[in-house]
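As structure tokens, the structure follows; a few thoughts come after it.
In the numbering used here, the protein residues as written are 505 to 722.
Okay, here's the thing in structure tokens:
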């Protein structure tokens, strides 16, 4: 039998029992008669059995950690990469990997890059990058000095031996993310998923424009 009313209300302080963390209900959605709860405006949704009101919880509560990450490079910045000193790269994405162990903890910022003269996709750690021009000056810099760095594309074996990690298609990954957010938007009609879809489309547009400029120069 489908319930007409949710067990929790927006603003309730609850414990996410699978993590032992505390948060507030910030949104409630319904799918196939089942209520799903957003906690602390996170993208994930929890079923009712995963949540307990704080005053009713008898288990152990873990303290939530506040992590402040400072990004030294942003979308569109032009950089050089250790091991590829003759090439220019543009920042097209970045992510943070959080590592926690019993006696140690750290965060790694990984930047996703596109090589200017051939569109090769690479990723590198923050300490492997040197800023050449910020996003506002990047295109002007490439037009003025880019030809100096227009070296032939390295062979596959050189890429594999480089300290920079080399992965598959960045475009494919973005399209997968777009389809995921499209499905979530269709299910829940939440505007935040629509905004994420638009952000991905903008990134793909910028990528396509950069590739077109590269072809025009060849």
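Cβ coordinates follow ideal geometry from the N, Cα and C atoms, glycine included.
Item                                                                                                      : Value
Given residue 709 as reference, the closest of 694, 580 and 584 once Cα atoms are compared                : 580
For residue 608, three-class secondary structure by DSSP                                                  : coil
DSSP three-state assignment for residue 591, whether helix, strand or coil                                : strand
Proximity below 9 Å, CB of residue 549 to CB of residue 520                                               : no
Nearest residue (CA-CA) to residue 545, options 697, 616 and 706                                          : 697
DSSP three-state assignment for residue 513, whether helix, strand or coil                                : coil
Residue nearest to residue 513 in terms of C-alpha spacing, selected from 684, 536 and 552                : 552
Neighbourhood of residue 688 by C-beta, 6 Å cutoff - its chain only, sequence neighbours within 5 removed : 697
Where residue 575 falls, given that 16 or more other Cβ within 10 Å makes a residue buried                : exposed
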